[in-house]
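All remarks here apply to the structure that follows.
Number of protein chains: 2
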Amino acid sequence: MVSRLEVHDDDLDSRAREVLREIIIEHVATGEAISSRSLSKCGRFQLSPASLRNVMADLEDLGYLQQPHTSAGRIPTDRGYRFFIDYLMKSRVLTQREREAIDDEVAHGNEIEEVLHLASRVISRLSDQVGVVFMPTLLQFAIRSMDFVLVAENRIMCVIVGTNGVVVNKIIETRLQFTRDELEKISRYITVEFAGLTLDTIRRRLVRMTEDERAQHDRLLQKTIALGIDAVNDVTPVEHELVVEGATSILTKPEFADAAALRKTFLALQEKEKLVEILNSCLTEDALQILIGSESDYTQVHNFSIVARPYGTSASPLGIVGIIGPMRMEYARVAPLVDYLGLALSRKIEEKEQQQ
Amino acid sequence: MVSRLEVHDDDLDSRAREVLREIIIEHVATGEAISSRSLSKCGRFQLSPASLRNVMADLEDLGYLQQPHTSAGRIPTDRGYRFFIDYLMKSRVLTQREREAIDDEVAHGNEIEEVLHLASRVISRLSDQVGVVFMPTLLQFAIRSMDFVLVAENRIMCVIVGTNGVVVNKIIETRLQFTRDELEKISRYITVEFAGLTLDTIRRRLVRMTEDERAQHDRLLQKTIALGIDAVNDVTPVEHELVVEGATSILTKPEFADAAALRKTFLALQEKEKLVEILNSCLTEDALQILIGSESDYTQVHNFSIVARPYGTSASPLGIVGIIGPMRMEYARVAPLVDYLGLALSRKIEEKEQQQ
DNA sequence: GTTAGCACTCAAAGCGCCGGAGTGCTAGCC
DNA sequence: GGCTAGCACTCCGGCGCTTTGAGTGCTAAC
């Protein structure tokens with residue numbers, strides 16, 4: 000599915016590299032196809048349009064550039080962008096302001112859903128692209144405490160705090176009835192007994208306990224086990240959490256000027272399963288990743304690029320943050336933003352972990 | 000701001016009414032301007048195009064119809080829609096399927112935010128318009144219980160259950176530190192002391208208690224008061240909850256065929272303050288309300304209509320559900336949907352209340 | 001009151017034309 | 001051998017023109 004285009008550093012001599020670089024920067028800035036004449040006039044090359052045309056023709060032969068039609072300038076191909084990102088791009092350093100904006104948002108998050116939304120929104124705003132935040136299953140989630148609060152006799156709110164400070168909460172419908180007293184006891188019992196373990200382990204232990212002899216006689220223990228199992232099952236749903244924010248950012252991009260393109264793009268952003276699939280594949284490596292157009296099924300169809308990065312501890316990544324946008328985007332500006340957001344989230348989680 | 004267009008039942012004779020009715024139904028179905036010829040062919044009138052043209056000319060003079068240009072058919076004005084809704088429309092009866100879909104979603108909601116989202120989504124899906132759900136401030140919200148759960152030493156999750164069964168939860172950051180034990184005591188105290196009162200009353204009482212002599216000496220009571228006030232303040236924020244879902248439904252509507260219109264519309268839906276203002280004005284009457292185009296500032300600019308209805312008990316409405324769409328919509332189908340959703344929500348809340 | 005007929009209007013679609021931007025190629029220059 | 005001026009070629013896009021067809025308003029006759 001995800002197969003990066005193969006480009007090699009020594010495919011191009013230094014002049015061709017500079018030309019490719021300039022074309023991409025210029026095209027990203029204007030959205031127009033770049034002509035030999037405008038390149039010549041930009042002043043960075045002491046060459047006539049005719050000479051630049053030769054270089055450009057070579058770059059086209061190698062698959063880095065293409066012409067929308069015969070009498071137009073050149074635009075980068077996805078292969079061109081790939082070369083740019085791998086060898087030519089100089090990542091911009093974030094401004095104080097950008098770092099503060101990200102730090103602020105991350106500091107504010109409390110519950111996990113809130114954090115996902117804030118992160119997605121801030122990255123969307125800063126990058127002016129569509130923000131995407133993804134949290135895979137919580138089965139590997141180690142807990143610090145698990146509390147149960149009475150909502151109605153057979154509706155219980157479960158609040159789980161992870162060792163990483165992340166909070167998840169969910170209301171559970173149950174056939175059994177509970178009193179406040181019982182719930183307090185159950186909360187204590189489960190927290191003492193299972194703190195530090197992952198939800199997956201906890202569920203397995205609870206299931207095993209069902210057969211335990213003690214559980215046959217102890218009514219409260221039975222209820223504890225039943226409630227615990229319900230809780231774990233309810234907070235680790237099959238559908239992963241995927242938050243997509245700032246879809247309106249694409250409204251102003253010239254590549255989506257016509258209604259049909261807009262329509263297609265909005266619908267594409269709705270296909271969350273596809274997105275989840277791709278983002279999941281980004282989880283393998285603990286570093287910023289950029290996917291361009293044809294490098295995956297999803298991005299190919301829509302000429303999207305994805306800039307994404309896992310967050311959480313490198314040992315157990317918690318999820319992925321990133322952005323989706325047209326292939327034509329300022330990678331040098333967006334990449335460090337995504338990277339910093341990932342780092343900030345990871346750092347926050349690590350701090351909480353140590354606090355404990 | 001909200002001023003319904005004035006139309007009178009006896010403005011039109013029965014033939015004109017039938018013609019207006021047919022034109023609106025036909026135009027809503029096709030999106031096209033309706034010509035005298037197509038009307039004549041539809042079979043409901045035993046009249047030639049020429050005769051119908053006379054009727055149509057009259058309807059135009061009275062402001063119920065308009066022509067996009069000289070040689071086009073007629074389309075309804077907002078005044079025309081208003082007459083249709085007030086006097087001509089026969090609301091469709093909901094199908095079993097639609098009622099079940101709504102009932103199911105309403106039954107599933109637990110926390111208040113979840114409910115808002117589910118309701119907004121289901122009404123958007125069924126009506127194929129943009130779903131809007133609005134919950135005004137919770138200050139009038141009477142509580143059944145208030146529980147506090149330890150998340151970290153200075154981060155507490157507060158879970159409030161209303162007498163109407165609605166659940167709100169929020170994490171509170173506090174300077175004071177709390178132990179599990181203390182929180183259990185505080186939860187009990189507040190629940191026992193304040194059950195049945197509104198958040199507004201509770202806050203006022205807590206503030207008054209600050210000056211109480213006992214509070215000067217009792218450390219735990221001090222902490223209780225501080226935490227209680229924080230909790231009430233945190234769950235009744237200034238910005239009201241407004242959930243807008245299904246914005247993509249407008250993608251397929253012909254009135255938004257061109258990119259500029261799409262863009263404008265999406266941006267309009269982002270202006271939540273304006274929307275809140277209008278929806279708030281719908282709270283006064285405990286019935287379904289339909290706002291058409293020029294009947295409010297907001298809808299005028301964008302040629303929108305709003306179909307909305309309060310929910311909650313008639314004594315204290317909790318919020319508003321509704322949809323936003325182009326003026327050209329199937330009011331006869333959408334109106335009963337919105338109405339039923341409002342009823343279902345109200346009914347659910349009432350049930351919970353009685354359960355108690 | 002109804003209708004057939006006719007003149008009129010106007011949007012939308014089709015067509016041809018031209019200009020401009022940009023390229024590829026070739027031949028000549030350093 | 002690399003660079004560049006010049007030229008022929010291509011193609012998009014805009015402009016103006018005409019045609020078509022849908023629909024109306026009006027008038028006169030039934």
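In order, the protein sequence lines correspond to chains A and B. Going by numbering that gives the first Met the number 0, the first sequence opens with residue 0, and the numbers climb by one from there. Going by numbering that gives the first Met the number 0, the second sequence opens with residue 0, and the numbers climb by one from there. Glycine residues also receive a C-beta, built at the ideal position from the N, C-alpha and C atoms.
Pull up the CB-CB distance for residue 148(B) and residue 182(B), whole angstroms please, since I reckon it's below 8 Å.
Contact flag correct, Cβ pair sits at about 7 Å.
*In terms of alpha-carbon separation, which member of 106(A), 26(A), 66(A) and 82(A) lies closest to residue 350(A)?*
Considering only alpha carbons, the answer is 106(A).
* From which residue to which residue does the alpha helix (DSSP H) around residue 79(A) run? -> Element bounds for residue 79(A): 77-82.
Can you name the start and end residues of the beta strand (DSSP E) that residue 240(A) belongs to?
Per DSSP, residue 240(A) belongs to the beta strand (DSSP E) from 240-244.
Original post:
Whose Cβ in chain B lies nearer than 7 Å to the Cβ of residue 257(A)?
Top reply: Those are 258, listed as they occur along chain B.
Candidates 317(B), 243(B), 116(B) and 64(B): which alpha carbon is nearest residue 32(B)'s? For the set 317(B), 243(B), 116(B) and 64(B), the Cα lying nearest the Cα of residue 32(B) is the one of 64(B).
Notebook entry, point to check: Listing by chain order, which chain A residues have their CB less than 7 Å from the CB of residue 170(B)?
Noted result: At a beta-carbon threshold of 7 Å, the residues of chain A lying near residue 170(B) are 109, 110 and 166, ordered along the chain.
- Item | Alpha carbon of residue 16(B) to alpha carbon of residue 7(B), nearest angstrom | So the two alpha carbons sit approximately 12 Å from each other.
Listing by chain order, which chain B residues have their CB less than 8 Å from the CB of residue 247(A)?
Correct list: 265, 266 and 269.
Sorted by chain position, which residues of the same chain lie with C-beta nearer than 8 Å to residue 357(A)'s C-beta, five sequence neighbours on each side aside?
Residue 357(A) lies beyond the range of chain A shown here (0 to 355); nothing can be said about it.
Quiz prompt | Cβ-based burial, residue 66(B) [other Cβ within 10 Å; buried from 16] | solution = Answer is exposed; the Cβ neighbour count stays below 16.
Original post:
When Cβ atoms are compared, which residues of the region 185-219 of chain B fall closer than 7 Å to chain A?
Top reply: Answer set for the region 185-219 of chain B: empty.
**Asked** What do you reckon, are the CB atoms on residue 244(B) and residue 68(B) nearer than 8 Å?
**Response** Contact: no.
**OP:** For residue 216(B), count neighbouring C-beta atoms within 10 Å of its own C-beta (all shown protein chains included) and say buried if the count is 16 or more, exposed if not.
**Re:** With fewer than 16 Cβ atoms within 10 Å of its Cβ, residue 216(B) is classed as exposed.
Can you check whether the C-beta of residue 146(A) is within less than 8 Å of a C-beta belonging to chain B? Residue 146(A) counts as touching chain B.
Does the structure place the region 135-152 of chain A close enough to the region 12-27 of chain B that three or more beta carbon pairs sit under 8 Å?
In this structure the region 12-27 of chain B does not lie against the region 135-152 of chain A, because fewer than three pairs of beta carbons, one per stretch, are closer than 8 Å.
**Asked** In chain order, what residues of the same chain have a beta carbon less than 8 Å from the beta carbon of residue 110(B), not counting five sequence neighbours either side?
**Response** Excluding residues within five positions, the ones whose Cβ falls inside 8 Å are 166, 167 and 168.
Practice task
Assuming residue 122(B) contacts residue 322(B) (C-beta within less than 8 Å), just tell me the rounded distance between them.
Solution key: With 8 Å as the limit, residue 122(B) and residue 322(B) qualify as a contact, their Cβ atoms being about 6 Å apart.
Nearest residue (CA-CA) to residue 229(A), options 270(A), 199(A), 74(A) and 240(A):
Comparing Cα positions, the closest option is 199(A).
How would you call residue 163(A), buried or exposed, if buried means at least 16 neighbouring beta carbons within 10 angstroms?
Buried, by the Cβ-count rule.
* Hey, residue 101(A) and residue 339(A) are a contact pair by Cβ (cut 8 Å); roughly how many whole angstroms apart? -> That pair is a contact at about 6 Å.
**Q.** Test: residue 134(A) CB closer than 8 Å to a CB of chain B
**A.** Taking 8 Å as the threshold, the shortest C-beta distance from residue 134(A) to chain B does not fall below it.
Between residue 160(A) and chain B, is the shortest Cβ-Cβ distance under 8 Å, so that the two count as touching?
Cβ-Cβ to chain B under 8 Å: yes for residue 160(A).
task: May I have the straight-line CA-CA distance separating residue 49(A) from residue 35(A), to the nearest angstrom?
output: The alpha-carbon of residue 49(A) is positioned some 7 Å away from that of residue 35(A).
Open item on the list: Can you tell me which residues form a DSSP beta bridge with residue 110(A)?
Closed with: For residue 110(A), which the question treats as bridged, DSSP gives the partners 166(A).
request  = Determine the chain B residues that contact residue 175(A) at a beta-carbon separation under 8 Å, and present them in chain order.
outcome  = Residues of chain B whose Cβ lies closer than 8 Å to the Cβ of residue 175(A) do not exist; the shortest such Cβ separation is about 17 Å.
- DSSP three-state assignment for residue 309(A), whether helix, strand or coil: When DSSP states are grouped into helix, strand and coil, residue 309(A) belongs to the strand group.
So what's residue 253(B) in DSSP terms, helix, strand or just coil?
-> Residue state, collapsed to three classes: helix.
I'd like to check one pair, residue 223(B) with residue 170(B): are the Cβ atoms closer than 8 Å? No, the Cβ-Cβ distance between residue 170(B) and residue 223(B) is not below 8 Å.
Taking the alpha-carbon positions, what's the residue 318(A) to residue 96(A) distance?
-> Spanning the two alpha carbons is a distance of roughly 25 Å.
From residue 263(B) to residue 80(A), what does the alpha carbon distance come to, in whole angstroms? A straight-line Cα-Cα distance of about 32 Å links residue 263(B) and residue 80(A).
Practice item. Compute the beta-carbon to beta-carbon distance between residue 18(B) and residue 55(B), rounded to the nearest angstrom, for a pair I have assumed lies under 8 Å. Key: Going by Cβ atoms, the distance from residue 18(B) to residue 55(B) rounds to 7 Å, so yes, they are a contact pair.
> Does the beta carbon of residue 331(A) fall short of 7 Å from some heavy atom of the ligand MN?
Replying inline: The model on display carries no ligand, and the ligand MN is accordingly not part of it.
Exercise. Which runs of the alpha helix (DSSP H), 4 residues or longer, sit entirely within the region 166-200 of chain A?
Worked result: Counting only runs of 4 or more, we get 179-193.
Check: Residues of chain B with a CB under 8 Å from the CB of residue 183(A): which are they?
Finding: Within chain B, the residues near residue 183(A) are 183.
Cβ-Cβ distance between residue 10(A) and residue 293(A) below 8 Å
Not in contact: residue 10(A) and residue 293(A) (Cβ atoms no closer than 8 Å).
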